[in-house]
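Per the numbering used here, the very first residue in the sequence shown carries number 5; after that it's consecutive.
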Amino acid sequence: MIKWVIIIVLLLGVGGFYFYNQSRQFKLPKGETKVLETAPANSDFNMPISDRKILITDGVKHSVPLNEILSGGPPKDGIPSIDDPKFLSTKEADSDFILIKY
């Protein structure tokens, strides 16, 4: 009797694990984002309406096609390192005003 209970518990555990993992998965299309339709002609804006899908590239999931990603930011060595930081006392820091103009 105990043998059957252990087998049933193991089968339920394996089945539950399988269904849990399957519920977290979704079908992933392969390819780039396709434009489904454009906005109506009588609208104020004429932007394409697209349906973003999850893409796979080299086994990595992403929703933005790689051809839409642009490089940017500072170039190599574009951000100076802090080799010689200048420390201020609290009195000097309090007298340092920052003016922000909006």
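Positions of the beta carbon are idealized from the N, C-alpha and C atoms, including for glycine.
Problem set entry | Three-way DSSP call (helix, strand, coil) for Lys90 in this model | Mapped onto the sequence shown, residue 90 falls at position 86. Of the three classes helix, strand and coil, the one that applies to Lys90 here is coil, per DSSP.
For this session: Whole angstroms is fine: what's the gap from Gln26's alpha carbon to Trp8's?
Result: For this step, residue 26 is matched to residue 22 along the sequence shown. For this step, residue 8 is matched to residue 4 along the sequence shown. Looking at the two C-alpha atoms, the distance is approximately 27 Å.
Problem set entry | Contact under 8 Å by Cβ, Leu70 with Thr61 | Against the sequence shown, residue 70 aligns to sequence position 66. Against the sequence shown, residue 61 aligns to sequence position 57. Cβ atoms of Leu70 and Thr61: closer than 8 Å.
Exercise. Could you give the distance in angstroms between the alpha-carbon of Ile6 and the alpha-carbon of Leu15?
Worked result: The residue you call residue 6 lines up with position 2 of the sequence shown. The residue you call residue 15 lines up with position 11 of the sequence shown. When rounded, the distance between both Cα atoms is 14 Å.
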